[in-house]
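Undergrad:
Protein chains: 2
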Amino acid sequence: MKYFAVTLASLLAASEAFTAHNFKPASLSKTSLDAVNVGIVGGGVVGGGICEILTKKSDYLTALCSDTIEVKSICVRDLDKPRDFEIPEGCSLTDKADDILNSDDIDVVVEVMGGTTIAKDVVFNALSNGKHVVTANKALIADCLAEIEDHLKKVNDGKSAEDSIQFNYEAAVCGGIPIINSLQSDFPGDDIDMIAGIINGCTNFMLTAMDRDGLSYEAALAEASKLGYAEADPTLDVGGFDARSKLKILMRLAYGIDVEESNIPCRGIQELTATDYDYAKSLGGTIKLLGVAQREEDGKVSGFVSPCYIAATDSLSSVNDATNAVEISSSNLQRTTYIGQGAGRYPTANSCVNDIVAIAKGDVNVSPFNPADDGAKFVQQYDSVFYLRLKYSDQVGITRQCGEICEKYGVSIHSILQNPRSSKKDDSFVIVTEEVSNTNMKKVVAELEGLDWVQGPAFWMPVLRPDWM
Amino acid sequence: MKYFAVTLASLLAASEAFTAHNFKPASLSKTSLDAVNVGIVGGGVVGGGICEILTKKSDYLTALCSDTIEVKSICVRDLDKPRDFEIPEGCSLTDKADDILNSDDIDVVVEVMGGTTIAKDVVFNALSNGKHVVTANKALIADCLAEIEDHLKKVNDGKSAEDSIQFNYEAAVCGGIPIINSLQSDFPGDDIDMIAGIINGCTNFMLTAMDRDGLSYEAALAEASKLGYAEADPTLDVGGFDARSKLKILMRLAYGIDVEESNIPCRGIQELTATDYDYAKSLGGTIKLLGVAQREEDGKVSGFVSPCYIAATDSLSSVNDATNAVEISSSNLQRTTYIGQGAGRYPTANSCVNDIVAIAKGDVNVSPFNPADDGAKFVQQYDSVFYLRLKYSDQVGITRQCGEICEKYGVSIHSILQNPRSSKKDDSFVIVTEEVSNTNMKKVVAELEGLDWVQGPAFWMPVLRPDWM
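First to last, the sequence lines map onto chains A and B.
For the first sequence, position 17 (counting from the first letter as 1) is numbered 17 according to full-length UniProt numbering, and the numbering increases by one without interruption.
For the second sequence, position 366 (counting from the first letter as 1) is numbered 366 according to full-length UniProt numbering, and the numbering increases by one without interruption.
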């Protein structure tokens, strides 16, 4: 057991050699009596969950961080409202965020109030006051991440990495999936080709209910709302806008670009029908609402939110109910997929606690996003195989006209599918293309929709990695 | 834009308030001229990949870490052997590990030579000499993690967290999947109920080829060997022993226990037949070789490696070819699944680079494993639904005898399945049990195998989350 023959002298020598090289300079030791004092702005579902976890795991976290983590103050809207969690020992309630923001006693401000107005003030003022910030606020991050990063840069100007103020927002995207941390820690030596994610729990729950359980769109939405999966305004979910906010954040992390949300092509699930699931089944897969961003051949980055066909052999295809998933394709790691809970009290609170613990441990996000300044620009155009469903009234010449219009715009047809007709009124067929640009598809669809045999609007969506090619 | 009205005075005030509280004490600033000097022991597949990534991403990593990361020396077996990668600028080759271990110029030693003899010396001596260590060595970690942790504790005794020597081994389990980092960073506030993983790429490749492509066991193994998925001694793969090593490490991280590998029940894939896949299909799922560890009701921890039935709706069921996956069930996060490449040059090298970057950034693993000292003990007994296949020669009384023996040991039968017989010689039927203990199953199987109508050994395996219950 020679390994244990470590004398004090050898340790000192090793330590001196190490310090001499000046790689990790000596700093004042944190004593074990230090505490990390937390102020939480927002005493609701997530704030309560954070308190519960920090109380339950207090001894363990103290051992892990060599610091006690103590919730000193919670800012709530209404001091008299009954709470569904126990206020931690020694923690005061206030209804003024400034009590927390201006307190010399608070090290970490946790913003879990939501919204983008007061919450923005809270985050910026906390950072200005030299407090670390943890937030679960997706809307705020989607709106202001670049602005917050600029502010953080000013706050940290002249500070060493060890002394820098940290800003962590793991819970802001996909609640319990550590996707922010992973994009910051697991890909610095890698190049991300594509991110594709099921990043809205409400719509995934609805699509699962429609596909697996045969529910109507309306019944699925009602069920999702009842279970608390839908936003107050469900248009944010079913229209794809919540997914788009998250995709914007993921694109910032993966490619260092700050894309205007409204520039990201976005199609919701409202036009999906049982017929599409029938066709998806006959193609051997299913349909999920995905947020997709990818590096194009010229270095530009494209992205969109849309229902997409995915093969049954694809890991994303078995991600059901309100579960989220993010898949990252990259040069080194090839394909990595993270599946987990995208929302809910404890998954979200757990991510906030991880952010607090990272701060207590002194972990440093030197850069809050992938800083590769490779001039990546966002473009709306991307190439894909597409699925196009047309409702029609039968007549002579349909196939010829489809062929002519596709040919006109360089859209090569892979196959035309037609399931046995269930009703004369609901006749439809599907064109599956080869890989073409969405720009050309748009033109094809617009021209087809102008033909007299086409009934109502066409529905079209990308095919993620066709397994028949 | 009031957020930007941050005056120097307000920043100073904030900084003073912050320092006054003594939470993150000031330390000497790292200057941007600092370099993190790396010595790599092992110039093979992984070592070469690390050099390539560090060279390719040099500018980016310097910006990220405020440090340049430079490979200063590589220790190789044969100095004259041609390499399939470019030796980084300013990097020397040596065939003596001591040149790296004793160099005052090296901050981080990366051990990618493999094995458990010299590699163990390298790791222990590097730590003794005050060098951070990164390793991709699964066998070493499985054998010696607890010993290394003890050694590290001595090396770091009296050091502040910031000055402590780091030991990172992300690549040692599931190559490119950041499962070690995740277990260390994402679950400190959580309690892990179960880990279930496809943690051996060779066998998953073989089972996929047998199930999806109809290959024989022998053809599948030959193909896996040809593609480099099999260990030099494939028994380590097909016997489940490689998976068991990884499971042992995961149990250390999840539960803080150090289990003797030979105590973990281990069944390989050698007894699996096409018949089992037929039955799995008729049950609606498939069969994967899993490593499973779970918290039992009495707080004890059980674990095993075995082929397991899993439902098609389960995310693990679509993890095919050499891809790995780890699923973690926990109180807060519910179920989280990580899917990715378990081996290969760039996935493994990428994980090593992440470990190096974390050290360069100054991230601290205060504790290298879950330190919850809750007295968890490993037990071989666990409860599960089981699948039991028996080959038989037909006679009267089979059902009665099965019923009697199961009843004798309290094993409740959920169903008896019998696919249409393909050949008189290969008759088999399957018993699916309710949830019972493996101990009782063992007794049932032993007694059944003694009956004259049972042909050859029985095959039995756990059912992971039966979807029919």
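In this text, a Cβ means the ideal position worked out from N, Cα and C, and glycines have one as well.
(1) Is the segment 336-350 of chain B touching the segment 323-341 of chain A in the sense that three or more CB pairs, one from each, lie closer than 8 Å?
(2) Secondary structure at LYS246(A), three-state DSSP: helix, strand or coil?
(3) Are the C-beta of TYR338(B) and some C-beta of chain A separated by less than 8 Å?
(4) Can you pull the chain B neighbours of ASN350(A), defined as C-beta to C-beta under 7 Å?
(5) Look at the alpha carbon of PRO25(A) and the alpha carbon of ASP105(B), and state the distance between them as a whole number of angstroms.
(6) So what's LYS154(B) in DSSP terms, helix, strand or just coil?
(7) Please list the partners that GLU70(B) has in chain A, where partner means a Cβ-to-Cβ separation under 9 Å.
(8) Compute the beta-carbon to beta-carbon distance between LEU140(B) and PHE167(B), rounded to the nearest angstrom, for a pair I have assumed lies under 8 Å.
(9) Quick one: measure Cβ to Cβ for ASP314(B) and SER317(A), integer angstroms, because I've assumed they're closer than 8 Å.
(10) For a contact defined as C-beta to C-beta under 8 Å, what are the partners of LYS226(A) on chain B?
(11) Taking the beta strand (DSSP E) that PRO307(A) falls in, what are its first and last residues?
(12) Taking the alpha-carbon positions, what's the ASN37(B) to GLY362(A) distance?
(13) Does the beta-carbon of MET441(A) have 16 or more other beta-carbons within 10 angstroms, so that it is buried, or is it exposed?
(14) Roughly how many angstroms separate the alpha carbons of VAL357(B) and ASP186(A), rounded to a whole number?
(15) Could you work out which residues of chain A lie near ALA119(B), taking near to mean beta carbons separated by less than 9 Å?
(16) Do VAL173(A) and LYS246(A) have their C-beta atoms closer together than 8 Å?
(17) Between the alpha carbons of ALA230(B) and ALA224(B), how many angstroms are there, rounded?
(18) Rounding to the nearest angstrom, what Cα-Cα distance links ALA376(B) and ALA243(B) in this structure?
(19) Quick one: using the 10 Å Cβ neighbour count with 16 as the cut-off for buried, is ASN263(A) buried or exposed?
(20) In the structure shown, what three-state DSSP assignment does LYS24(A) receive?
(21) Just reading off the alpha helix (DSSP H) that MET210(A) is part of, what are its end residues?
(22) Please report the straight-line C-alpha distance between ALA9(B) and ASP107(A), rounded to a whole angstrom.
(23) So the candidates are ALA311(B), ILE180(B) and GLY291(B); which of them puts its Cα closest to the Cα of SER302(B)?
(24) Which residues in chain A sit within 9 Å of SER412(B), going by Cβ to Cβ distance?
(25) Please classify THR273(B): does DSSP put it in a helix, a strand, or coil?
(26) Do THR116(B) and ASP98(B) have their C-beta atoms closer together than 8 Å?
(27) Between SER27(A) and chain B, is any beta-carbon pair separated by less than 8 Å?
(28) What three-state label does DSSP hand TYR387(B) in the structure shown?
(29) Of all the residues that make up the segment 36-55 of chain A, which are near chain B by a beta-carbon distance shorter than 9 Å?
(30) Taking all protein chains shown into account, decide if ASP190(A) is buried (16 or more other Cβ within 10 angstroms of its Cβ) or exposed.
(31) Can you tell me whether DSSP reads MET441(A) as helix, strand or coil?
(32) For residue 510(A), decide whether its Cβ has a neighbour in chain B, counting only Cβ atoms nearer than 8 Å.
(33) Give the straight-line distance between the Cα atoms of ILE416(B) and ILE40(A), rounded to the nearest whole angstrom.
(34) Whole angstroms is fine: what's the gap from ASP84(B)'s alpha carbon to ASN419(A)'s?
(35) Please list the partners that THR313(A) has in chain B, where partner means a Cβ-to-Cβ separation under 9 Å.
(36) For ASN129(A), which residues in the same chain have their Cβ closer than 8 Å to its Cβ, ignoring the five residues on either side in sequence?
TA: On the basis of the coordinates in this document:
(1) yes
(2) In this structure, LYS246(A) counts as helix in the three-state DSSP scheme.
(3) yes
(4) GLY189, ASP190, ASN332 and LEU333
(5) Reliability fails at PRO25(A), whose pLDDT of 27 lies under 50, so the model's placement of it is uncertain and the value that follows must be treated cautiously. The C-alpha of PRO25(A) lies about 15 Å from the C-alpha of ASP105(B).
(6) helix
(7) None at all; the shortest Cβ gap to chain A is about 12 Å.
(8) About 11 Å; that fails the 8 Å criterion.
(9) Contact between ASP314(B) and SER317(A) is absent: CB atoms are separated by about 12 Å, not below the 8 Å threshold.
(10) Near LYS226(A) there are no residues of chain B at all, since even the closest Cβ is about 20 Å away, more than 8 Å.
(11) Segment 301-311, the beta strand (DSSP E) holding PRO307(A).
(12) 22 Å
(13) buried
(14) 10 Å
(15) Per Cβ cutoff of 9 Å: no residues; ALA119(B) is ~13 Å from chain A at best.
(16) yes
(17) ALA230(B) and ALA224(B): Cα-Cα distance of roughly 6 Å.
(18) 22 Å
(19) exposed
(20) Low local confidence applies: a pLDDT of 29 at LYS24(A) is under 50, so the model's placement there is unreliable, and no value is given.
(21) 201-212
(22) At ALA9(B), the pLDDT of 39 sits below 50, so the modelled position is not reliable and the matter cannot be decided from this model.
(23) Comparing Cα positions, the closest option is GLY291(B).
(24) The contacting residues do not exist; SER412(B) stays about 29 Å from chain A at best.
(25) coil
(26) Cβ distance not < 8 Å, so THR116(B) and ASP98(B) don't count as in contact.
(27) Bear in mind that a pLDDT of 29 at SER27(A), under 50, signals an unreliable position, so the number given afterwards is only what the model happens to contain. Cβ-Cβ to chain B under 8 Å: yes for SER27(A).
(28) strand
(29) VAL36, ASN37, GLY49, ILE50, ILE53 and LEU54
(30) buried
(31) In the structure shown, MET441(A) adopts helical secondary structure according to DSSP, grouped into three states.
(32) In the structure as shown, chain A starts at 1 and stops at 469, and residue 510(A) therefore has no counterpart that could be examined.
(33) 56 Å
(34) Those two C-alpha atoms are separated by around 53 Å.
(35) ARG212, SER318 and ASN320
(36) LEU101 and ASN102
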